[in-house]
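Position one of the sequence shown corresponds to residue 1 (full-length UniProt numbering), numbered consecutively onward.
Cβ coordinates follow ideal geometry from the N, Cα and C atoms, glycine included.
Quick caveat: nothing in here was measured; it's all calculated off a predicted structure.
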Amino acid sequence: MPLSIIFDRDPRFTFKFWSKLYEALGTNLTFNIAFHPQIDDLSERVIQILEDTLRCCILEFKGSWENFLLLFAFSYNKSYQLSIKMAINEALYEIICRFKKKKDIEFQVDDKVFLKVSPQKKVLYFCRKGKLSP
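Okay, here's the thing in structure tokens:
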């Protein structure tokens, strides 16, 4: 059992039964009032980041965003966290998660490389017809 549980006030959980149950188990039951996240700022901030990122994913992937939830979770867990100075996966598994195919590439002067200059999917500006094509 966890030592502390935080959840928003909900009639299903505010009964005396729950308070007595958590007291008997030795768990601290903390109620939070909706739209007043003073109880646990860290979890509220993480939830806000996840909501914002999911909102962007929903806009990008339109109707099929459910198919990308595992990719979303992977990318969040792989992102650098300033508070722990490493990625969440690195802290949990104590290994640095890297793609096997990813390589450090060095370029020389006059090398021709393809730069993707658009954050949008399937928008290529070089050798294609588009707004910024030459």
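Collapsed DSSP secondary structure at residue i in the structure displayed
i, result
"GLN48", "helix"
"PHE114", "coil"
"CYS56", "helix"
"TYR125", "Because the pLDDT at TYR125 is just 48, under 50, the model does not fix this residue reliably, and the point stays unresolved."
For residue i, the first and last residue of its enclosing alpha helix (DSSP H)
i, result
"LEU70", "69–78"
"GLU106", "Counting along the chain, GLU106 falls outside any alpha helix (DSSP H), and DSSP gives it neither H nor E."
"LEU82", "Premise fails: LEU82 is in no alpha helix (DSSP H) and is neither H nor E."
"ILE95", "ILE95 -> no alpha helix (DSSP H), and no H or E assigned at all."
CB of residue i within 9 Å of CB of residue j, strictly
i, j, result
"CYS57", "PHE68", "yes"
"ALA73", "GLN81", "no"
"ILE95", "ASN77", "no"
Residue i to residue j span [Cα, whole Å]
i, j, result
"GLN48", "LEU54", "10 Å"
"ARG45", "GLU66", "23 Å"
"TYR22", "ASP104", "53 Å"
"GLU51", "VAL109", "43 Å"
"MET86", "PHE107", "28 Å"
"THR27", "PHE61", "41 Å"
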